[in-house]
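Reading through the structure tokens given below for one structure.
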Amino acid sequence: MKIITLPKENFAEFVGHLCSFGEIHAPIKRGDRSFVFAPVKDASEIELDCVRTILPLKKYFFRPMEVMFNFCAGEGYEIPSEVTDKRIVVFGAHPCDIHGLNILDMVFNGRYVDTYYLARKSKAAIIGLDCIPDDLCFCRSTRTDFVDTGFDLFLSDIGDKYLVRVGTSLGDDMVRAAESLFYEVQKEDRDAYKRKSIERRESFKTEIQLQDLPGIMDLEYESQVWQDVGETCLSCGTCSMVCPTCYCYSVFDELDLDGSSGRRKRRWDCCLFKDYALVAGGHNFRAKRSSRVKNRYFHKQRGFVSLYGRPSCVGCGRCKAQCPSGIDIVDVITKLRSETRV
Amino acid sequence: MSSKPKIGIYGLTGCAGDQLVILNCEDELLDIVGATDIRSFPMAMSGGDENCPLDIVFIDGTVVQPKDEEMLKRLRERANLLIAVGTCAVWGGVPAMENKFSREEVKKRVYGPTGDLFKTITPQPLSSFVKVDLSISGCPIEKEQLLQAVASLLHGDLPRLPNYAVCTECKMAEYPCLLIEKGHLCLGPITVAGCKARCPSYGRPCIGCRGPVEEANISSEVRLLKEKGFTPSDIQNRLRTFAGAADSLQMESLKEGTNA
Amino acid sequence: MSDAHNYTSDENPYLPKPARIIRTLPQILDHQLFQIRFEKEEMINNFTYRPGQFVMLSVIGTGEAPFSISSSPTRPGIIELCVRRIGHVTNALFKLPPNAPVGIRGPYGNGFPLDKLEGNNLLLVAGGLGMAPLRSLLRYALDNRSKFKDVILMYGARNPDDMLFKYELLELIEQPDVKCLLTVDTDNSGMWKAHVGVVTTLFDHAEIDPNNTYAAICGPEIMFKYVLEELLKRNFSKNRILMSLERNMQCGVGKCGHCMVGYKYTCLDGPIFNYWDAINLPEMV
Ligand SMILES: Cc1cc2nc3c(=O)[nH]c(=O)nc-3n(C[C@H](O)[C@H](O)[C@H](O)COP(=O)(O)OP(=O)(O)OC[C@H]3O[C@@H](n4cnc5c(N)ncnc54)[C@H](O)[C@@H]3O)c2cc1C
Ligand code: SF4
Ligand code: SF4
Ligand code: SF4
Ligand code: SF4
Ligand code: FES
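Residue numbers (the working numbering), protein chains in the order written: chain A, 238 to 579; chain B, -19 to 240; chain C, 179 to 463.
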């Protein structure tokens, strides 16, 4: 992989150059202490120390709500002309964010390809940025604290410079467009990177064991933990909305007053909703909230492993940070692991 | 429905705000009028037909007086589909908020001695008296949902309205959580969505004006609000404002209960 | 695999293809057989499927829902869906005028493992609407009679008026190359000539060799339970018992998450599961 450095004093100018590759989106502040990815004009607006945004990057590619087709009684279904001819450059994606996108790539590719997601994804450049974990981050446990694919460029803070890994030819174009701002890697840069890497590793405060979790989940299928979490959970949907790897959606048709034209739409869904597994005639395969809570954990930590070879959780901590009732995924898993039942 | 469906739009006791929403659908009102045969809409027109059978009747307001009840039952007999419009009609709304006091007490406090001149009954949603085919809640209702409902009804179908909590829409729009960030008493987790989290979008907590979401976990909401320092009476007052009829459930769940 | 043959990866997999209902055949109360043909000639010619697969059917303006294909790929040109009227989409479907346009996409799901079934006896056990997918397999087997040994159908309905494909199946009773056992729980007509009693009572009327037979069961859960008992009593291997699962489906192509049972997508890995796989799925029933 091509690796170079960008002195911090050149950073703003580099961001200026990025405009020609698309509209720049980076973390900015919203509310008292929240952050969101949003369009920025220049580097000064970017919150470089943001740990996590409210919504993850999926919002750009898999929209909270989108029109799949326009329909009309006479003409059938038509794919809306793609609204996003616009290219975007996402700056400031953390390793877990990029892993989240890599997981969505797996889901939305496969035997059938979700053309909506892919069309948008193909028009975006991803520039990663290293981060310092807070108490809620456990990406080291999910093995998503380091990323080596899924970005065009990745910046790691090594003091007064960024070490820049170039992941794709688009990334290389972005570097070439501002070639004079970059330098070759020196010995001190390598040392600084390795030092920082250890520092970062040691700053993780939250750790859980996940490797053998699928087996434990099967064993603890009837655990009281699910009952307890089910009593606390509000089914409010927040955790799925904010999770970088929750991909469930629901489809519905919206009719115009003329009674013949309208739109088929999809919106983010959540397996904690009462009617998620409801079928016609009224049978509900997960009528109880405790069974739905269990499903959420099963899908992330157990089912996904069977389907795609790894858990879908990337340890970003969003679900804990934003759960109104304070349900903590790490806590739940720890209880499940340590619980002894009579 | 091959020929134009016959429609009636009526109000029981309430602010008539939901009928106003119908009148305010400026751009679409003509389409609605064109696609339907509005037989009666006392708020907007006089000389309506008060006896013909109706395909669809929209009713806002709450049953507060015996005459509301009579009118409601009569409308049920006349209409093929009965649609409750607005939180008052669906949940009892503001008129039902004082249900923990006896009727006589409320009447005395509100109207003084003149209260003896008319009869009232405990305010209740329409569903306490008749079968309701569709509920569109909101105080007032969302124009978009109303139009969606009308379009579906004209198509011979019932609309599928959101069945999840306000938080979901709040997060879809990426508003910071007021409950977590500011410690506000937000009822988003137990209130049914459809407003696109309008209050949180203005930085104000959800006051539950749309009524409870299906299977609202009220005991957990109450527990978390208590942890944030709210007293049971703060919480009760807020919960009672719009969904008075669901009161018993709410008061019950102020005690610890299980509903996993 | 024939699942994705009508599909290339740059195509929008959710796009319903224009089709038309060319005929509806009332079956029993609130059940109809819809004969559907694609509008485009190339779709008519290329659309092949396996018994047990399903399609997503769109009624314009109302929505989309999954339905098993009841016809057999041996008779191309039209697709038959046997539909129960139960909610939004099916209500709208029943109200469509003759020759109405609809949207179809698919076929989806694994379907029955024909390569394994061939060369064996087939035992089809259906209850109620469970006949919809099994009718496809039955027709397929009868049209490819030499590929199978004995073909036995056991079908139970509540009473004669509740029997799907009744006249077609009654004709089969006379046919020598298939053993067609029909039963009703109660005979309210007094005219019923076949069996009376629950489906499992039919097991007394057939000889079944568990080693050379595949059993395909479709029907209500309760029926499934009792049929299973009969089969296990006869030492059927769990791998030779096939069943069709029903789940909420929003996409049919392994994206929306709704049909997930434990570690499998019903829409991709199912809807046909063998009993061993099924009992290993948590929350299977
Ligand atoms: C693989 C498969 C094969 C099926 N084959 C047949 C068949 O041959 N004949 C038949 O009559 N029915 C069949 N069904 C059931 C049929 O899909 C439902 O009856 C149908 O979805 C009802 O739609 P509705 O809008 O009329 O009902 P409503 O109750 O109004 O709506 C149910 C909503 O739930 C969702 N939903 C998704 N999947 C299902 C499901 N499996 N069951 C119910 N609701 C679902 C849909 O979005 C639908 O809009 C099958 C289901 C599956 C999964
Ligand atoms: S489950 Fe929670 S911690 Fe894991 S990826 Fe989703 S939001 Fe992040
Ligand atoms: S099943 Fe639940 S946990 Fe899994 S992706 Fe869907 S919403 Fe998320
Ligand atoms: S955010 Fe918390 S309360 Fe809301 S659905 Fe998720 S776990 Fe339940
Ligand atoms: S602000 Fe209110 S509605 Fe929004 S997520 Fe928080 S609790 Fe839910
Ligand atoms: S139906 Fe959407 S994943 Fe199976």
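Beta carbons are placed, not taken as given, at the ideal position from N, Cα and C, and that holds for glycine.
Model, not experiment: these values are computed from the prediction.
Check residue i in the structure and name its three-state DSSP category.
{"i": "Val326(A)", "result": "strand"}
{"i": "Lys87(B)", "result": "In this prediction, Lys87(B) has a pLDDT of 47, which is less than 50 and means its spatial position is unreliable; nothing more can be read from the coordinates."}
{"i": "Glu49(B)", "result": "helix"}
{"i": "Val431(C)", "result": "coil"}
{"i": "Val110(B)", "result": "coil"}
{"i": "Cys309(A)", "result": "strand"}
{"i": "Gly408(A)", "result": "helix"}
{"i": "Phe245(C)", "result": "strand"}
{"i": "Ile421(C)", "result": "Here residue 421(C) turns out to be Met, not Ile, going by the sequence shown. Correct three-state label for Met421(C): strand."}
{"i": "Glu352(C)", "result": "helix"}
{"i": "Phe81(B)", "result": "With a pLDDT of only 49 at Phe81(B), under 50, the local geometry of the prediction cannot be trusted, and the value read off the model is given with reservation. Correct three-state label for Phe81(B): coil."}
{"i": "Gly95(B)", "result": "Bear in mind that a pLDDT of 46 at Gly95(B), under 50, signals an unreliable position, so the model cannot answer this."}
{"i": "Trp370(C)", "result": "coil"}
{"i": "Phe272(A)", "result": "strand"}
{"i": "Val146(B)", "result": "helix"}
{"i": "Gln210(C)", "result": "strand"}
At 7 Å on the CB atoms, spell out the chain B contacts of residue i, in chain order.
{"i": "Asp512(A)", "result": "Asn143"}
Could you say which of the options lies nearest to residue i if we only look at CA atoms?
{"i": "Phe248(A)", "options": "Phe345(A), Ser417(A), Met454(A), Arg547(A)", "result": "Ser417(A)"}
{"i": "Ser440(A)", "options": "Ile453(A), Cys368(A), Leu447(A), Val530(A)", "result": "Cys368(A)"}
{"i": "Ala356(A)", "options": "Cys374(A), Phe299(A), Ile265(A), Thr379(A)", "result": "Phe299(A)"}
{"i": "Lys206(B)", "options": "Val350(A), Lys531(A), Ser562(A), Tyr297(A)", "result": "Ser562(A)"}
{"i": "Ile450(C)", "options": "Glu219(C), Pro229(C), His373(C)", "result": "Pro229(C)"}
{"i": "Arg418(C)", "options": "Gly375(C), Asn298(C), Ile238(C)", "result": "Asn298(C)"}
{"i": "Cys470(A)", "options": "Ser527(A), Asp449(A), Gly404(A)", "result": "Ser527(A)"}
{"i": "Leu141(B)", "options": "Thr16(B), Glu49(B), Pro212(B), Gln128(B)", "result": "Gln128(B)"}
{"i": "Ile238(C)", "options": "Leu271(C), Val356(C), Phe343(C)", "result": "Leu271(C)"}
{"i": "Asp120(C)", "options": "Gly440(C), Tyr318(C), Gly287(C), Pro204(C)", "result": "Since the first and last residues shown for chain C are 179 and 463, residue 120(C) lies out of range."}
{"i": "Leu62(B)", "options": "Ile(-11)(B), Glu49(B), Lys123(B)", "result": "Ile(-11)(B)"}
Report yes if the C-beta distance between residue i and residue j is below 8 Å; otherwise report no.
{"i": "Ala(-4)(B)", "j": "Met25(B)", "result": "no"}
{"i": "Leu167(B)", "j": "Gly188(B)", "result": "yes"}
{"i": "Arg539(A)", "j": "Pro451(A)", "result": "yes"}
{"i": "Pro251(C)", "j": "Pro196(C)", "result": "no"}
{"i": "Val384(A)", "j": "Ile453(A)", "result": "no"}
{"i": "Tyr513(A)", "j": "His209(C)", "result": "no"}
{"i": "Arg503(A)", "j": "Ser487(A)", "result": "yes"}
{"i": "Arg377(A)", "j": "Phe391(A)", "result": "no"}
{"i": "Val233(C)", "j": "Ile247(C)", "result": "yes"}
{"i": "Arg336(C)", "j": "Leu307(C)", "result": "no"}
{"i": "Thr102(B)", "j": "Gly191(B)", "result": "no"}
{"i": "Ala69(B)", "j": "Pro105(B)", "result": "yes"}
{"i": "Asn426(C)", "j": "Leu515(A)", "result": "yes"}
{"i": "Pro276(A)", "j": "Glu260(A)", "result": "yes"}
Which bits of chain A does residue i rub up against, with CB to CB less than 8 Å?
{"i": "Lys151(B)", "result": "Ile291, Leu292, Gly474, Thr475, Met478, Val479, Gln559"}
{"i": "Leu204(B)", "result": "Pro561, Ser562, Gly563"}
{"i": "Tyr185(C)", "result": "Tyr349"}
{"i": "Leu446(C)", "result": "Arg348"}
{"i": "Lys47(B)", "result": "None at all; the shortest Cβ gap to chain A is about 34 Å."}
In chain B, what lies closer than 9 Å to residue i by C-beta?
{"i": "Ala270(C)", "result": "His135, Gly136, Asp137"}
{"i": "Lys273(C)", "result": "Gly136"}
Assuming residue i and residue j make a contact with CB atoms under 8 Å, what is their CB distance in whole Å?
{"i": "Val326(A)", "j": "His254(A)", "result": "Not confirmed; about 10 Å, so no contact."}
{"i": "Gly347(A)", "j": "Gly432(C)", "result": "6 Å"}
{"i": "Glu201(B)", "j": "Asn143(B)", "result": "Actually they do not touch by this definition, with Cβ atoms about 18 Å apart."}
{"i": "Glu246(A)", "j": "Lys266(A)", "result": "About 24 Å; that fails the 8 Å criterion."}
Which residues in chain A sit within 7 Å of residue i, going by Cβ to Cβ distance?
{"i": "Val132(B)", "result": "The identity of residue 132(B) in the sequence shown is Ser, whereas the question assumes Val. Under the 7 Å cutoff, chain A gives Leu492."}
{"i": "Cys147(B)", "result": "Cys473, Gly474, Thr475, Pro561"}
Starting from the beta carbon of residue i, find every residue of chain C whose beta carbon is closer than 8 Å, and list them in chain order.
{"i": "Gly313(A)", "result": "Pro194, Pro196, Ile238, Pro279, Gly281"}
Strictly below 8 Å CB to CB, what residues from chain B border residue i?
{"i": "Lys294(C)", "result": "The contacting residues do not exist; Lys294(C) stays about 41 Å from chain B at best."}
{"i": "Gly496(A)", "result": "Ala15, Ala131, Leu134, His135"}
In chain C, which residues lie with their C-beta within 9 Å of the C-beta of residue i?
{"i": "Tyr486(A)", "result": "Gln428, Cys429, Lys433, Cys434, Gly435, His436"}
{"i": "Phe308(A)", "result": "Pro194, Ser236, Ile238, Gly239, Gly281"}
Give the residues of chain C in contact with residue i, contact being defined as C-beta atoms less than 7 Å apart.
{"i": "Phe345(A)", "result": "Lys433"}
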